[in-house]
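Take 20 as the starting number for the sequence shown in my numbering and just add one per residue.
This report refers to the structure that appears directly beneath it.
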Amino acid sequence: MIYNSVLVRFTGEFGVKSAQTQDLLETLLRRNIQNALAATGNGDLLKRLQIQMRSGRYYLMPRQPTEADVSTIVSIVGRTFGISSISPCFHSPASDKTATRTIPAKLMLAQGIYPRTKKIAIRAPENAGIDTKQWKGEILALCDKFSQEEEGNADNKKDISRKRFHATDRWLMGPWACQQEKQLEIEVFENIVFISAERIKAPGGFPLGLEDPLVALVSGGFDSPVAAWMALRRGVPLIFVIMDPADEENHNGDSGGSVRTKALKQVWILTEYMRGLPSDPIVLVMPYGKVLSALQTQGAQLGVTCLLCKRMMYRVAEQVAHMYGAKGIVTGEILGEQASQTAQNLMILNKVATIPVHRPLFGFDKEEVVTLSRQIGTAPVASISSPPCRGVPDHPQIRGEMQDIEDLERQLDVDQLIQQCLQDLNPIRRDEK
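Structural data, given as structure tokens:
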């Protein structure tokens, strides 16, 4: 093992906030890091963890580090919102000239950085009296020396060197499909040198808890889970609501393609990004089959069943928002993607809500959504084939008329349908199906 610490870089937006807001963001991020480690059964590591802060970053340094400590921190902290990137590091006193020259050279070779490039980034305080040019020269000279020794070594101990210096093609970060950039970076802070050879992309955004909660309507497809993730990324705790269009008996023999099953699986993936919150996420499933049948009977002839359905979903989500103190609704709607998502129809949907409806994907192309779903880990579930929604009319109306919708809703007992949904509300824990 060579890495013994982790460098955490804050999202760049931290730096443009007021001093008061920066303090809040940094406090939230620190809390979320600690909560995430505790929630994943790493209490011992948390007790041993020293967190040192400087402008724009944290240094996470376990006392008496074990073989697994750095991998654990990278895996859990690396998918925490508010972090732009992380790097596994070796830290050493600046006075240890041997380690601060030899370790960088070995890392450059083990990670394949040298001889591909001779670029080395060294960041040190101006008053530290460090000759960075000389330092780089000494490291590169050792790279040449070690490279020649490896080429002339009949036993070829390069693989041993790579293992010792923890070279890895991929860090495991839960559902987050991490992307890494190999480069040698050295930072000097309070007479300690932090040496890293990998910069691993994190989700960015703001720490969870910065904003008030929202209600996320989640289905089993690509769009709504990605929209929910984007809300999480801006520091929003979410209450997840799944409207289950199937009757309970239809779940028997479910092969994994039902709305309920796919939506729940994707929600559990999203909750892996919420480990930093002090309480468990709220996940609610509403049996919606009977309500959908009533809406279908009323709206099929004019092709507006989907508009009636979504307006009902908004009403129910708004009631849930009032129950939990949420300040709005998040949906996966994209302008023009479906008949119910034209500008005219979105206006009709909006008119039923008295709290904001947020659409993070409003201007996205479908390809962009799918790409992001692969990055965040929901794509494999979203890709499972599902039967088409039985409520979709043969000829959906792309430009509904508000008067028609209101006339049809007057023929329904809307309040009774809302109450039916709320009475059947079913909170789900992670260990339930």
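Where a beta carbon is used, it is the ideal one built from N, C-alpha and C, also for glycine.
CA nearest to the CA of residue i, picked from the options
i: Arg135; options: Ser166, Thr151 and Ser114; result: Ser166
i: Phe225; options: Asn23, Val96, Glu32 and Val212; result: Glu32
i: Ala358; options: Lys329, Leu229 and Glu217; result: Lys329
i: Met249; options: Phe383, Arg120 and Val335; result: Phe383
i: Thr280; options: Tyr78, Arg449, Thr40 and Gln41; result: Arg449
i: Ala129; options: Tyr22, Leu43 and Arg82; result: Tyr22
i: Ser114; options: Lys309, Trp154 and Lys125; result: Trp154
i: Leu44; options: Glu230, Lys284 and Leu441; result: Glu230
i: Ser402; options: Pro144, Lys116 and Ala282; result: Ala282
i: Val207; options: Ala124, Pro81 and Gln71; result: Gln71
i: Gln422; options: Gln394, Ile367 and Asp434; result: Ile367
i: Tyr78; options: Glu86, Thr85 and Leu68; result: Leu68
i: Arg393; options: Ile132, Ala362, Gln285 and Cys408; result: Gln285
i: Cys108; options: Lys116, Arg49, Glu168 and Met80; result: Met80
i: Arg49; options: Gln83, Pro84, Ile102 and Thr59; result: Ile102
i: Val339; options: Pro399, Ala362, Ile258 and Val400; result: Ile258
i: Leu380; options: Pro399, Asn364 and Gln360; result: Gln360
i: Gly254; options: Ser243, Gly223, Val237 and Asn364; result: Gly223
i: Pro144; options: Ser74, Ala160, Lys137 and Asp426; result: Ser74
C-beta contact flag for residue i and residue j at 7 Å
i: Leu391; j: Val234; result: no
i: His110; j: Ser24; result: yes
i: Ile158; j: Thr151; result: no
i: Val212; j: Thr121; result: no
i: Arg378; j: Glu352; result: yes
i: Ile288; j: Gly396; result: yes
i: Phe241; j: Val35; result: no
i: Ser405; j: Gly275; result: no
i: Leu326; j: Gly419; result: yes
i: Gly97; j: Ala221; result: yes
i: Thr324; j: Gly410; result: yes
i: Asp443; j: Met305; result: yes
i: Ile374; j: Gly344; result: no
i: Tyr333; j: Val302; result: no
i: Pro232; j: Pro256; result: yes
i: Glu209; j: Ser106; result: no
i: Phe100; j: Leu227; result: yes
i: Val278; j: Leu436; result: no
i: Val349; j: Ala247; result: yes
N- and C-terminal bounds of the alpha helix (DSSP H) containing residue i
i: Pro399; result: Ala398 to Ala401
i: Tyr133; result: No alpha helix (DSSP H) holds Tyr133; DSSP gives it neither H nor E.
i: Ala55; result: Ala38 to Ala58
i: Val323; result: It is not in any alpha helix (DSSP H) - Val323 carries neither H nor E in the DSSP assignment.
i: Leu427; result: Met421 to Arg429
i: Ala140; result: Careful: Ala140 lies outside any alpha helix (DSSP H), inside the beta strand (DSSP E) at Ile139 to Arg142.
i: Lys164; result: Thr151 to Glu170
i: Met249; result: Asp242 to Arg252
i: Arg279; result: Val278 to Thr290
i: Gln442; result: Val433 to Gln442
i: Ile95; result: Asp88 to Val96
N- and C-terminal bounds of the beta strand (DSSP E) containing residue i
i: Val212; result: Ile211 to Gly223
i: Asp263; result: Leu257 to Asp263
i: Cys108; result: Ile102 to Pro112
i: Gln202; result: Gln199 to Phe208
i: Gln69; result: Leu68 to Arg73
i: Leu314; result: No beta strand (DSSP E) holds Leu314; the alpha helix (DSSP H) holding it covers Gly308 to Gly318.
i: Ala235; result: Leu233 to Leu236
i: Pro415; result: Premise fails: Pro415 is in no beta strand (DSSP E) and is neither H nor E.
i: Tyr78; result: Arg76 to Pro81
i: Phe33; result: Counting along the chain, Phe33 falls outside any beta strand (DSSP E), and DSSP gives it neither H nor E.
Any non-hydrogen atom of the ligand ATP within 6 Å of residue i CB
i: Gly295; result: Although the ligand ATP was asked about, the structure shown includes no ligands whatsoever.
Contact between the segment 285-297 and the segment 41-60 (3+ Cβ pairs under 8 Å): They touch, by the three-pair rule.
The segment 299-318 touching the segment 195-214, judged by at least three CB pairs closer than 8 Å: The answer is no - the segment 195-214 does not touch the segment 299-318, with fewer than three Cβ pairs under 8 Å.
Whole runs of the alpha helix (DSSP H) within the segment 364-413, excluding any shorter than 4 residues: Runs of the alpha helix (DSSP H) inside the segment 364-413: 385-395 and 398-401.
Touching by the beta-carbon criterion (3+ pairs, under 8 Å), the segment 414-425 and the segment 249-262: They do not touch, by the three-pair rule.
The segment 83-103 in contact with the segment 58-68 per 3-pair CB rule at 8 Å: Segment contact: the segment 83-103 against the segment 58-68, three or more CB-CB distances shorter than 8 Å; contact assigned.
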